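To start, the structure itself, in structure tokens.
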Amino acid sequence: MDWHHSPATLARLVGRATRNPLNFGWNKTMTRFRFAFRVALFLLMVASVTEALWAQKGGKGKGNGEGDAAPAYQFIDLLGIDNSLLGYQSIGRFVTNRMQGELLVHGESYIRESGQPFYKIPITWTVAADGSFQPPDELGLPWFARELEATGFNELGVSIGITRQGYEPETMFSYAHVPGTGYVTMPDAYLLIGGINNLGQVVGQRSDTYTPALWQVQLDGTVSEPIDLGSFVAFDINDHGVMAGFFHDESTGHGSLAVAWFDSEQLQVNCLTGSIRAASYSGDGPRLNNCDFDDPRLAVVSTSWLNEQGEYSQPDSIRGMIWRPNASTNSFSVLDTLGGNSSYATDVNLAGEVVGFSGTKRDGHHAFLAQNSVLIDLNDAVSVGTNTLQQALSINDDGDITGFMRIPRPISEQRGFLLRKNP
152 MDWHHSPATL ARLVGRATRN PLNFGWNKTM TRFRFAFRVA LFLLMVASVT EALWAQKGGK
212 GKGNGEGDAA PAYQFIDLLG IDNSLLGYQS IGRFVTNRMQ GELLVHGESY IRESGQPFYK
272 IPITWTVAAD GSFQPPDELG LPWFARELEA TGFNELGVSI GITRQGYEPE TMFSYAHVPG
332 TGYVTMPDAY LLIGGINNLG QVVGQRSDTY TPALWQVQLD GTVSEPIDLG SFVAFDINDH
392 GVMAGFFHDE STGHGSLAVA WFDSEQLQVN CLTGSIRAAS YSGDGPRLNN CDFDDPRLAV
452 VSTSWLNEQG EYSQPDSIRG MIWRPNASTN SFSVLDTLGG NSSYATDVNL AGEVVGFSGT
512 KRDGHHAFLA QNSVLIDLND AVSVGTNTLQ QALSINDDGD ITGFMRIPRP ISEQRGFLLR
572 KNP
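Here this note's numbering runs 151 ahead of the position in the sequence shown, where the first position is 1.
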């Protein structure tokens, strides 16, 4: 038989053979062969159509645009520490602004020793202008902790965070890691520590009295005694000394999302009013961009845990929020979702771009970028193959984004990512 016939010609030949009365006992066998052949032909047609569709798309994934349009981001897989038992699992928590094209990403990687549970250790990636990076710097662990979680990082490479050996206050510690010096404990701050700016100013809460406070971390590793912040619980601080947090009004017993700053050593507080949502916040607390207290671009993001009716555990309860204290219009916005019942706002940059993550209808959490309060699924903005960008945790003023993604089986890992914005 000439095997160079087209599929249609082959089908006709098979049909003639099975209808020929001279085949006698072969009819049943040929009927089975004809059925198998038609199945194979159908699969061949499906494969051809699929190949044609991929050719039409130019082999590109979602979000890269039509034709030869350049993608908006360079996707970088932030490999953690090589651990044969856990692979290269990691989380990217903070990304600095670009410094002569280079930037730093701080986060954690996972370690597991044989027969032991896994634990996290802090690491820092130095990412070059072309997106390349060497294996991350391992910061190690201090004597007082087996596991750390960073809550802040600045452009000088100073990181801060928390660790605990238990749930009692005396087992909770806050730390700072200074390059060239190592780990130092924060004086009287072993309960809660928040953010750090590029001047080394740190905000958090004193452990003995749960009093909000501010510290100064020097590059030689010395840390100042805490400055009392009264009823203002700060979670973040920028280079202008503006802090984002919550103000507790002792006269009414209510709290509200707020910003605060010092004016002639006097603490000034500006509270968000008119929203019941502003009285609640997620455990990570609010974050703000790098603007002065009177700048119209000043923006604060947070996540509420109750709706405007004051109800918890409702489909519209958990929502990301954006507050612009000095905006003349649209000063407060509540973010929608990507189809699920929740959205979380985690960071905001100078341009007012917000990152976070949201529930979806069928695929768990997806990372998003919000521009003018409109959510963009980052999985649609860049091609990441079969991976899923789950949470975006930090964005810099250049528009670069870090967080973590899910890698499916057979690898089945959680790894950090960096989306480096293209010019």
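Think of the CB as a built atom: it goes at the ideal place given N, C-alpha and C, for glycine as much as any other residue.
Keep in mind the model is a prediction, meaning the values are calculated, not measured.
Sequence-distant partners of residue 420 (beyond 5 residues in either direction) whose C-beta falls short of 7 Å from its own C-beta, in its chain, are 383, 398, 409, 411. For the 9 Å CB-CB criterion, residue 324 and residue 295 form a contact. In the three-state reduction of the DSSP assignment, residue 481 falls in the coil class, being assigned neither a helical nor a strand state. Below 8 Å, too few C-beta pairs join the stretch 469 to 486 and the stretch 534 to 550 to call them touching: fewer than three. Remark: C-beta atoms of residue 496 and residue 471 approach each other more closely than 9 Å. Within 10 angstroms of the beta-carbon of residue 273 lie 16 or more other beta-carbons, which makes it buried. Residue environment for residue 560: exposed (fewer than 16 other C-beta atoms within 10 angstroms of its C-beta). Nearest C-alpha to residue 417 among 299, 574, 524, 393: 393. Assignment of beta-bridge partners to residue 422 by DSSP yields 409.
A buried status is given to residue 554, since no fewer than 16 other beta-carbon atoms sit within 10 Å of its beta-carbon. C-alpha of residue 259 to C-alpha of residue 300: approximately 8 Å in a straight line. Under the 10 Å beta carbon count, residue 337 is surrounded by 16 or more other beta carbons and is classified as buried.
About 4 Å separates the Cβ atoms of residue 343 and residue 356, confirming a contact at the 8 Å cut-off. According to DSSP, residue 518 shares a beta bridge with 508. In summary, residue 440 is buried, with 16 or more beta-carbon neighbours lying within 10 Å of its beta-carbon over all protein chains present. Counting of Cβ neighbours within 10 angstroms places residue 243 among the buried residues, the total reaching 16 or more. Around the CB of residue 329, 16 or more other CB atoms lie within 10 Å, so the residue is classed as buried.
Here DSSP, grouped into helix, strand and coil, assigns residue 530 to helix. In the three-state reduction of the DSSP assignment, residue 427 falls in the helix class, which pools H, G and I. The Cβ atoms of residue 486 and residue 509 sit closer than 9 Å to each other. Around the beta carbon of residue 517, 16 or more other beta carbons lie within 10 angstroms, which makes this residue buried.
Residues of the same chain with a CB within less than 8 Å of the CB of residue 526, apart from the 5 flanking positions on each side, are 486, 487, 488, 489, 494, 509, 519, 520 in chain order. Beta-bridge analysis with DSSP links residue 225 to 571. Only buried fits residue 567, as 16 or more other CB atoms lie within 10 angstroms of its CB. Residue 450 and residue 436 have their C-alpha atoms roughly 14 Å apart.
For residue 343, the enclosing beta strand (DSSP E) begins and ends at 343 to 347. In the structure shown, the three-state DSSP call for residue 273 is strand. For residue 444, the three-state secondary structure derived from DSSP is coil. The Cβ neighbour count for residue 250, taken over all protein chains shown within 10 Å, is under 16; the residue is labelled exposed. Contact check for residue 223 against residue 532 passes: the beta carbons are separated by less than 9 Å.
The C-beta separation of residue 275 from residue 303 comes to about 13 Å, leaving the pair out of contact by the 8 Å criterion. When the beta-carbon positions are compared, residue 558 and residue 569 stay at least 9 Å from each other. In the DSSP assignment, residue 357 is bridged to no other residue. Here the alpha carbon of residue 406 sits roughly 14 Å from the alpha carbon of residue 363. According to the DSSP assignment, residue 459 belongs to no beta strand (DSSP E), since it is labelled neither H nor E. Taken through DSSP and simplified to helix, strand or coil, residue 363 comes out as strand.
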